[in-house]
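Protein chains: 2
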Amino acid sequence: MSSLAQAVLAGDRLSLARLLTHVENDTPEGREALDMLFARTGRAHLVGVTGSPGTGKSSLVNQLALSFRKLGQRVAIVAIDPSSPFTGGAVLGDRVRMRDLAGDAGVFIRSMASRGSLGGLAQATVGVAQVFDAAGFELVLIETVGAGQSEVDIARLAHTTLVVEAPGLGDDIQAIKAGILEIADILVINKADRPGVESTERALKSMLDLAHPVQKIFLHHGQRMTIDPVAKPGTETVLWVPPIRRTVATDGSGLPELVTAIREHAAHLRGSGEWQRREKTRLSAEFDLLVQQTLVDRFRAGLPETKFNEIIDSIQNRKISPREALNVLLNGSIQ
Amino acid sequence: MSSLAQAVLAGDRLSLARLLTHVENDTPEGREALDMLFARTGRAHLVGVTGSPGTGKSSLVNQLALSFRKLGQRVAIVAIDPSSPFTGGAVLGDRVRMRDLAGDAGVFIRSMASRGSLGGLAQATVGVAQVFDAAGFELVLIETVGAGQSEVDIARLAHTTLVVEAPGLGDDIQAIKAGILEIADILVINKADRPGVESTERALKSMLDLAHPVQKIFLHHGQRMTIDPVAKPGTETVLWVPPIRRTVATDGSGLPELVTAIREHAAHLRGSGEWQRREKTRLSAEFDLLVQQTLVDRFRAGLPETKFNEIIDSIQNRKISPREALNVLLNGSIQ
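Listed in order, the protein sequences are those of chains A and B. Following the working numbering, the numbering of the first sequence begins with 1 at its first residue and continues without gaps. Following the working numbering, the numbering of the second sequence begins with 1 at its first residue and continues without gaps.
Here it is in structure tokens:
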């Protein structure tokens with residue numbers, strides 16, 4: 001086994017930081033260590049935390065880390081930071097967070113800036129989560145900002161996905177929520193001491209009813225876990241209806257209830273066999289990403305820069321379409 | 001040429017709608033038509049419009065379409081709708097928009113729901129924009145919601161990128177803006193009749209100074225276009241400093257000034273040679289996406305489903321790492 005991987009398993013924090021950088025940059029050393037560490041993965045609970053800007057996600061993630069630390073778990077935070085897609089603005093975020101969690105050897109925080117390449121960030125996040133998993137962090141909190149594809153990617157990567165909302169964030173937020181709700185395992189209304197929290201919760205509840213029509217009648221009886229009412233007897237599966245939890249991250253209100261919901265979801269996943277199914281989906285998606293990256297790397301390695309530029313010029317002059325150009329490269333003919 | 005492509009060039013709207021569906025679904029018919037139409041592309045001005053939820057982007061895009069119609073341009077709107085990544089919630093959006101722009105044959109609106117696959121949506125958007133371009137739409141407005149990767153993808157696809165903000169959208173919006181500013185050609189403060197517009201503009205200005213340090217001194221003299229002050233004499237390039245424009249989309253205030261800024265940016269791009277450079281970057285990114293998709297499709301077509309499931313099982317049981325599994329498939333050995 002690589003010495004870096006060994007040092008990480010032995011608990012050395014500097015080696016952990018170095019390995020994360022290797023994995024982020026997808027170096028040969030990082031790849032080798034990941035292969036070595038892979039057999040030690042599969043134990044961490046990966047929790048995605050997502051939601052619109054202004055919901056106070058980062059504070060909530062810090063509070064969650066503190067809460068799970070009190071339960072004796074080692075906690076890693078992976079903050080996907082889209083604030084600077086080109087220059088990388090991750091350092092400041094780390095420093096701000098460190099004030100709350102500084103000096104605790106059971107916490108490790110890693111900010112990652114968005115990459116230029118589609119899939120590059122998702123790939124790197126998978127690797128970083130695996131390193132934390134192998135290094136013995138029981139909880140890995142993965143935080144993203146945004147609306148759209150990045151949330152879908154989290155849902156695939158995480159066992160449990162938290163969607164964070166806040167009262168009074170504007171009009172067309174409604175439109176976003178409808179889709180985001182589909183990936184939520186737990187809904188959090190943060191900043192719940194603000195005006196409008198009741199109407200936010202009402203709106204979320206009615207959207208939950210739309211997103212989970214099967215469980216509709218059960219929701220109104222206040223149950224969260226229920227038996228699929230349309231399944232044939234003997235084939236019922238336990239369904240999870242996303243609970244709504246109110247929090248005020250700045251003073252810690254509602255955190256114990258949120259921690260309980262996260263632990264209940266983990267228990268539900270393990271008890272229902274869903275943990276294994278999500279793991280399989282996760283690993284399939286990860287494998288797909290790797291296939292994509294590897295095949296593209298190989299293709300590019302075999303194509304000289306001058307040849308690539310000639311192709312782009314022909315395309316730009318509209319002499320050939322992109323697909324025709326690719327067919328010429330792959331098959332030697334335009335078809 | 002395919003009859004569908006011919007009908008689109010002849011101006012048939014039903015055929016245009018059908019072709020867009022083919023392109024979105026990446027059918028053989030859609031691919032063939034795209035290849036045929038590619039030689040007719042390259043004339044449209046592609047304008048990306050992005051920003052956080054709650055900024056009123058959709059209303060602004062509608063107003064922009066109306067304004068450019070008055071200038072005699074044919075306008076297409078591509079609304080990337082992340083509201084429903086899994087089920088596709090694009091239809092309602094179309095209907096809401098149609099009320100404003102209904103019955104105008106010079107306007108065509110297409111909503112696209114987010115895809116599950118990384119890159120799938122970007123690929124489809126490229127194709128849809130090409131169809132509109134070939135069909136003679138002079139302006140293609142591409143609207144996305146979100147923060148992060150999707151904006152970067154737009155910046156690559158569009159000639160001109162508008163970043164829309166609104167006063168008073170919350171605390172950690174600041175963090176988002178810093179990165180988003182880097183892709184903005186024009187900054188719009190919509191809902192400018194709301195309180196806080198002055199401080200929003202001040203914040204944007206100071207962040208612009210950070211993002212464009214070279215132009216800093218010139219900004220303070222109120223100029224938008226300037227000569228690169230650090231270039232050697234004779235090698236100066238004309239720089240574009242993103243202007244800030246205030247609008248109230250609901251009543252049309254500020255729209256004429258925004259339209260002027262968009263037209264000036266197009267003139268700047270063409271005059272400076274930047275149009276050609278962006279076109280090249282755009283086409284390179286498009287070619288990369290196509291390479292990626294084609295190689296992955298071929299790989300999957302050659303891998304039976306049962307074999308794929310066996311691999312995932314071995315990975316899930318931690319018998320082999322994902323990269324080792326891929327190496328076995330590609331090279332016949334683990335390395």
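Here a beta-carbon is modelled for each residue, glycine too, at the ideal position from N, C-alpha and C.
- prompt: Expressed to the nearest angstrom, what Euclidean distance is found between the alpha-carbon atoms of Asn128 (chain B) and Ser321 (chain A)?
  reply: A small correction: the amino acid at residue 128 (chain B) is Val; Asn does not occupy that position in the sequence shown. Computed Cα separation, rounded: 15 angstroms.
Selected residue, minimal CA-CA separation from Gly254 (chain B), among B:Asn190, B:Val126, B:Asp104, B:Lys57: B:Asn190
Reference Asn327 (chain B), options A:Leu187, A:Thr294, A:Val328, A:Val259, closest by Cα: A:Thr294
message: On the criterion of 16 or more Cβ atoms from any shown chain inside 10 Å, does Ile349 (chain A) qualify as buried, or is it exposed?
response: Lying outside 1 to 335, the shown extent of chain A, residue 349 (chain A) is not represented and no answer is given.
query: By the 10 Å Cβ neighbour count, where 16 or more other Cβ atoms means buried, how is Leu60 (chain A) classified, buried or exposed?
result: buried
- request: Determine the contact status of Leu290 (chain B) and Arg323 (chain A), defining contact as a CB-CB distance below 8 angstroms.
  value: yes
- prompt: From Pro256 (chain B) to Gln130 (chain A), what does the alpha carbon distance come to, in whole angstroms?
  reply: 52 angstroms
query: If you draw a straight line from the alpha carbon of Ala39 (chain B) to that of Ala122 (chain B), how long is it in whole angstroms?
result: 21 angstroms
- prompt: Would you call Asp313 (chain A) buried or exposed, if buried means 16 or more other Cβ atoms sit within 10 Å of its Cβ?
  reply: exposed
- prompt: What's the C-alpha gap between Ile183 (chain B) and Lys57 (chain B)?
  reply: 17 angstroms
message: Using the Cβ count rule (16 or more neighbours within 10 Å means buried), how would you classify Gln276 (chain B)?
response: exposed
query: With 8 angstroms set as the bound, which would you pick, yes or no: does the beta-carbon of Leu66 (chain B) sit closer than that to a beta-carbon of chain A?
result: no
message: Between the alpha carbons of Val259 (chain B) and Val197 (chain B), how many angstroms are there, rounded?
response: 20 angstroms
message: With DSSP as the reference, identify every bridge partner of Gly273 (chain A), one or two as the case may be.
response: DSSP, once it has assigned bridges, lists no residue as partnering Gly273 (chain A).
task: Tell me where the beta strand (DSSP E) around Gly51 (chain B) begins and ends.
output: 45-51
query: Are the Cβ atoms of Leu157 (chain A) and Val126 (chain A) separated by less than 8 angstroms?
result: yes
query: To the nearest angstrom, how far is it from the Cα of Asp26 (chain B) to the Cα of Asp251 (chain A)?
result: 50 angstroms
task: For the beta strand (DSSP E) holding Val241 (chain A), just list the boundary residues, first then last.
output: Where Val241 (chain A) is concerned, there is no enclosing beta strand (DSSP E), given that its DSSP letter is neither H nor E.
message: Looking at the secondary structure, which residues open and close the alpha helix (DSSP H) in which Thr21 (chain A) lies?
response: 13-24
query: Do you know offhand how far Lys216 (chain A)'s Cα is from Leu141 (chain A)'s?
result: Only weak support exists for where Lys216 (chain A) lies, its pLDDT of 39 falling under 50; the value from the coordinates is given anyway. Lys216 (chain A) and Leu141 (chain A): Cα-Cα distance of roughly 30 angstroms.
query: What distance in whole Å lies between the Cβ atoms of Gly106 (chain A) and Arg74 (chain A), which are believed to be in contact at a cut-off of 8 angstroms?
result: 5 angstroms
field: According to DSSP, residues forming a beta bridge with Ser253 (chain B)
entry: B:Val248
field: Cβ of Asp172 (chain A) within 8 angstroms of any chain B Cβ
entry: With a pLDDT of 42 at Asp172 (chain A), under the threshold of 50, the predicted position of this residue should be treated as unreliable, though the coordinate-derived value follows. Yes - at least one Cβ of chain B is within 8 angstroms of the one on Asp172 (chain A).
- request: Give me the Cβ distance between Ile262 (chain A) and Val78 (chain A), rounded to the nearest whole Å; I'm assuming they're in contact under 8 angstroms.
  value: Between Val78 (chain A) and Ile262 (chain A) the Cβ distance is about 16 angstroms, and since that is not below 8 angstroms, they are no contact.
message: When you compare the CB of Leu295 (chain B) with every CB in chain A, is at least one pair closer than 8 angstroms?
response: yes
task: Please compile the residues from chain A whose C-beta is within a distance smaller than 9 angstroms of the C-beta of Leu290 (chain B).
output: Pro322, Arg323, Ala325, Leu326
message: Distance cutoff 8 angstroms, beta carbons only. Does Ile315 (chain B) sit that close to anything in chain A?
response: yes
message: For the stretch 260-284 of chain B, list every residue whose C-beta sits within 8 angstroms of some C-beta in chain A, in sequence order.
response: Gln276, Glu279, Lys280, Leu283, Ser284
- request: Below 8 angstroms on the Cβ atoms is my guess for Ala5 (chain B) versus Met36 (chain B); work out the distance and round it to an integer in Å.
  value: 4 angstroms
query: For the alpha helix (DSSP H) that Leu9 (chain B) lies in, which residues bound it at each end?
result: 3-9
task: Identify which residue in A:Arg43, A:Ala76, A:Phe68, A:Leu19 has its Cα closest to the Cα of Arg318 (chain B).
output: A:Arg43
task: Return helix, strand or coil for Val334 (chain B), following the three-state DSSP convention.
output: For the sequence presented, residue 334 (chain B) should be read as Ile rather than Val. In this structure, Ile334 (chain B) counts as coil in the three-state DSSP scheme.
query: Does Ile312 (chain B) get closer than 8 angstroms to chain A when you measure Cβ to Cβ?
result: yes
Thr87 (chain A) to Ile80 (chain A) span [Cα, whole Å]: Legend: pLDDT at Thr87 (chain A) = 33, less than 50; position of this residue unreliable, value from coordinates given subsequently. Rounded to the nearest angstrom, the two C-alpha atoms are 14 angstroms apart.
field: Proximity below 8 angstroms, CB of Gln292 (chain B) to CB of Val296 (chain A)
entry: yes
- request: Indicate whether at least one CB of chain B lies closer than 8 angstroms to the CB of Glu286 (chain A).
  value: yes
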